[in-house]
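Trainee: Numbering (this note's numbering), first residue to last: 13 to 450. My questions all concern the structure below.
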C-alpha cells in the first residue's frame, strides 16, 4: 500500500479529538495571528539584544532569583499572578548537571558552592518521607512547609539522577560533594535491590512506571543499564557493588546491551510510537551509560539512535553526539544559531503561526504516539515557537501552542543553560583538539 494511502487511513483514525491543535473560528484566528506577530517581533528583538555569553549570565541570574527557593529547591514554573509554588526533583537534577559542566569549563567556585546547596535540597526532598531511596516527584508549598504531591514518581526521574550525579561526581572536586552523591546513590541502590528492581512507595504501594527491568521494553532496559552503570562508579561498599554487578551481568546476559538494539520505533515513515520526550530520555540514558563506561557497544547503540533522531533537528541531540564522537563542527554552527534565537521572556504566552506570513507548514504531519500537530517545514527560531518548560523534550517543528496563555507563567531557561554548557564544552574541544568525551 502506498505511503500516502497509509497516512490517510491513520490520519482519519486519529483525527478529531486526538488532534493536538486548538480550533478557532476564522475571525478569532486572525486576531490571534495578529497578536502573535507583535509578540514574535518583540521576542526576536529580545533574542538579538544579548550575545550567547551575556544570555547565559541573564538566564543564570534569573534562575537563581526566581526558580531557587528555600530550602534549596528548584521550581519548574514561576507563577506571576499566583502564590502557587511547586518544586520538582527533575529540575534540581538538570540544574545540577549544568553546574557540573560549567565548573568543569571554568573552575569557578560559585558553581561548586551552589551545587552543594542544590544537593542539600535534594537531600531535603529525600528526607520528607525518610531517607529511604524513594524520591518525591515534586512537592507543593503549603504555608511554611512542603508536602509531597500525590502523583507518583517514575524511573524517568531516576534516569535524570544518574545523569546529573555522574556529571557532578566526575567534575566537582569538593570531597564533601562527592561523599553526599555517593551516600545518596548507595541508599537508592540498596532500596532498588531490596525491592526486586522496582520502585515501591513507602506505604508498600507499587509505582506504575517504576521498573528498572523488562523482558521486551527497550526503554526500561536502558533505564536499568544506565542507573547500574553509574552505581558502579558512585557506590563504594563492596557487598553492594557485588550485588549490583550481579544485576548488570544479568542485564548483559539478557541482551539489554547489544549492538543491534532497537531503541526507536517508527512505522510507515510517519508514525512515531514513542513520544518526543521518551526519545529524549532514552538518548540521555545512553549518553549516561557511555560517560560511565566508555563502552563501544553503548556508543554503537547511541549512534544508531542519533541517526534515527537526526531528522528532528534537535540541537541537544547534536551537542551530546558531538561530545561523544567529536563530530563535524557544522552541528555547532546550527546549535549556535538556535541558542541565539532564545528570547529573554520565556513564558506561556500563546503563539499562533497558522497562516502567518513566511511560515511554511507541512502538508502531511507526523503522528506522534496517537496525536498529530501542525508542523513547520523547518524548525522555527525559538522566539517564534510557543515556549515550553524544556524545549529539547518537545517537537522542534511545532507551530502553535500555549492556547489562551497570557504570559503569566514563566519558564526557567534551564533548557538554554544546559544546551549552552554543552555547546561551550564542544566548542572548546573543537578549538584546542582536546577530547572531552570521557
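Just so you know, even glycine gets a beta-carbon here, dropped at the ideal spot from N, CA and C.
In chain order, what are the residue ranges of uninterrupted beta strand (DSSP E) at least 3 long that sit wholly in the region 121 to 193?
Mentor: Counting whole runs of 3 or more residues, the region 121 to 193 contains the beta strand (DSSP E) stretches 150 to 154, 157 to 160.
Trainee: In or out: residue 451 buried (at least 16 other Cβ within 10 Å) or exposed?
Mentor: Residue 451 lies beyond the residue range present for the chain, which begins at 13 and ends at 450; the question has no answer from this structure.
Trainee: Using the C-alpha atoms, what's the distance from residue 210 back to residue 219?
Mentor: Their backbone Cα atoms lie some 8 Å apart in a straight line.
Trainee: Give me, in chain order, the residues of the same chain whose beta-carbon lies closer than 6 Å to that of residue 301; leave out the 5 immediate sequence neighbours on both sides.
Mentor: Result list for residue 301: 237, 238, 241, 310, in chain order.
Trainee: What alpha helix (DSSP H) runs, 4 residues minimum, are completely inside the region 359 to 411?
Mentor: The region 359 to 411 contains no whole alpha helix (DSSP H) run of 4 or more residues.
Trainee: Among residues of its own chain, excluding the 5 on either side of residue 416, which ones have a beta-carbon nearer than 7 Å to its beta-carbon?
Mentor: The answer, listed in chain order, is 362.
Trainee: What's the call for residue 275, buried or exposed, on a 16-neighbour Cβ count within 10 Å?
Mentor: Classification of residue 275: buried, given that the 10 Å Cβ count is 16 or more.
Trainee: Below 8 Å CB to CB, which residues in the same chain sit around residue 421 once its five sequence neighbours on both sides are set aside?
Mentor: The residues are 89, 90, 91, 92, 359, 360.
Trainee: Within a Cβ cutoff of 6 Å, which residues of the same chain sit near residue 27, ignoring the five residues on either side of it in sequence?
Mentor: The pLDDT assigned to residue 27 is 48, lower than 50, so where the model puts this residue is not dependable; a value taken from the coordinates is nonetheless given after this. Correct list: empty, nothing qualifies.
Trainee: Under 8 Å: do the region 126 to 134 and the region 95 to 111 share three or more Cβ pairs, one atom per stretch?
Mentor: At 8 Å Cβ cutoff, the stretches touch.
Trainee: In the DSSP assignment, what are the bridge partners of residue 419?
Mentor: Residue 419 pairs with nothing; no bridge assigned.
Trainee: Would you list the one or two residues that DSSP bridges to residue 196?
Mentor: Paired residues: none, contrary to the question.
Trainee: What separation, rounded to the nearest whole angstrom, lies between the Cα atoms of residue 123 and residue 135?
Mentor: For residue 123 and residue 135, the distance between alpha carbons rounds to 18 Å.
Trainee: Tell me whether residue 335 is buried or exposed, calling it buried when 16 or more other Cβ atoms sit within 10 Å of its Cβ.
Mentor: The residue is buried, with at least 16 neighbouring Cβ atoms inside 10 Å.
Trainee: Rank 434, 330, 100 by C-alpha distance to the C-alpha of residue 169 and give the top, closest one.
Mentor: Selected option, being the one with the closest Cα: 100.
Trainee: Tell me the start and end of each unbroken alpha helix (DSSP H) in the region 254 to 338 that is at least 4 residues and wholly inside, in chain order.
Mentor: Whole alpha helix (DSSP H) segments, 4+ residues: 288 to 305, 308 to 321, 327 to 337.
Trainee: Below 6 Å CB to CB, which residues in the same chain sit around residue 389 once its five sequence neighbours on both sides are set aside?
Mentor: Result list for residue 389: 372, 374, in chain order.
Trainee: Would you kindly check if the distance between the Cβ of residue 131 and the Cβ of residue 85 is under 8 Å?
Mentor: It is not a contact, given that the beta carbons lie outside the stated cut-off.
Trainee: What did DSSP end up calling residue 350 once you bin it into helix, strand or coil?
Mentor: Here residue 350 sits in helix by DSSP.
Trainee: Along the beta strand (DSSP E) that carries residue 247, what are the first and last residues, could you check?
Mentor: From DSSP, residue 247 is part of no beta strand (DSSP E); its letter is neither H nor E.
Trainee: Between 244, 76, 322, 185, which has its C-alpha nearest residue 426's C-alpha?
Mentor: Nearest option by C-alpha distance: 76.
Trainee: Here's a check: name, in chain order, each residue in its chain whose Cβ is nearer than 8 Å to the Cβ of residue 117, leaving out the five neighbours to either side.
Mentor: Only 433, 436, 437, 440 meet the Cβ criterion.
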